[in-house]
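First the structure, in the form of structure tokens, and then the observations on it.
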Amino acid sequence: MLRKTVRVVFILLVFVAAIWVYLKVVAEPLVRDINLCKRESKELKYQLTQLEQSRVDVAEMKTAEHGRLDASRRMLRKRLVPEGSVSRHVERVLPALRMRARSLGLQVQALRDTPMDDAQRNRVDLPLTGTRMRLISARIRGSAWQWGLFLEATSRLPAYLTLSSVQGRMENNVEMRVEWILHHISGQEPLPHVPAELLNSASSLLERPIPPLDPGRVRDPGGR
């Protein structure tokens with residue numbers, strides 16, 4: 001009788017252990033997956049509800065063109081310089097402008113930069129709307145021939161500069177008021193149409209000799 005009881009108890013223990021192992025190894029992961037699916041289903045339902053309320057065409061969002069535009073936006077956002085490094089670009093450009101003008105014998109006055117919130121009022125064709133920009137303005141005096149060399153040199157400055165406006169006043173020497181738009185872009189990932197050499201340091205520009213200009217492009221009023 002005792003042996004029978006021990007045998008029954010042993011069988012019951014084995015059965016309970018088998019059930020525990022089954023629950024632990026098979027059922028518990030299955031329950032977790034079911035709960036996860038329920039949560040994801042709720043999130044998807046919520047997102048679909050939001051889309052329906054905003055009246056967004058889901059089929060339109062899945063077009064190839066939308067995907068390309070979204071990828072382009074992400075790529076361009078990565079190329080923008082963070083706010084903390086904006087001043088470093090200005091610090092590179094202003095000394096380069098000042099030193100290049102003085103090396104050509106031009107007198108530099110009122111060279112300054114101003115933050116820009118709306119570039120469209122300056123009628124500049126920008127590569128990307130919404131980029132952080134600064135307006136660099138200068139009043140520089142010198143001969144017309146040296147001015148031509150200076151404008152040619154500034155086209156190779158170590159930044160993405162767009163010439164916005166040039167106003168001149170003829171006296172003994174020519175006085176020019178020049179404005180540039182400085183676009184802040186990353187030196188690691190320049191925009192496709194910006195040559196990489198434009199993003200080098202200002203010192204390399206200052207060490208480079210200026211190539212002679214085509215006389216047909218810039219002429220000295222004195223005939224020199």
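Numbering of the sequence shown is given in my numbering, commencing with residue 1 and proceeding in unit increments.
Beta carbons: idealized from backbone N, C-alpha and C, even for Gly.
Contact check, residue i vs residue j under 8 Å by CB: the rounded distance?
i    : j    : result
I140 : M176 : 5 Å
Among the candidates the options, whose CA atom is the shortest distance from the CA of residue i?
i    : options               : result
I136 : L104, F10, A153, E179 : E179
A96  : W147, K24, K45, T154  : T154
Q107 : V25, F150, I11        : F150
W147 : Q109, A101, A110      : A101
Output yes or no for whether 8 Å exceeds the beta carbon distance between residue i and residue j.
i    : j    : result
A138 : L111 : yes
V231 : S143 : Residue 231 is absent from the model: the chain starts at 1 and stops at 224.
Residue ranges of each alpha helix (DSSP H) run of no fewer than 4 residues wholly in the stretch 1-32, ordered along the chain? Within the stretch 1-32, the complete alpha helix (DSSP H) runs of at least 4 residues are 2-22.
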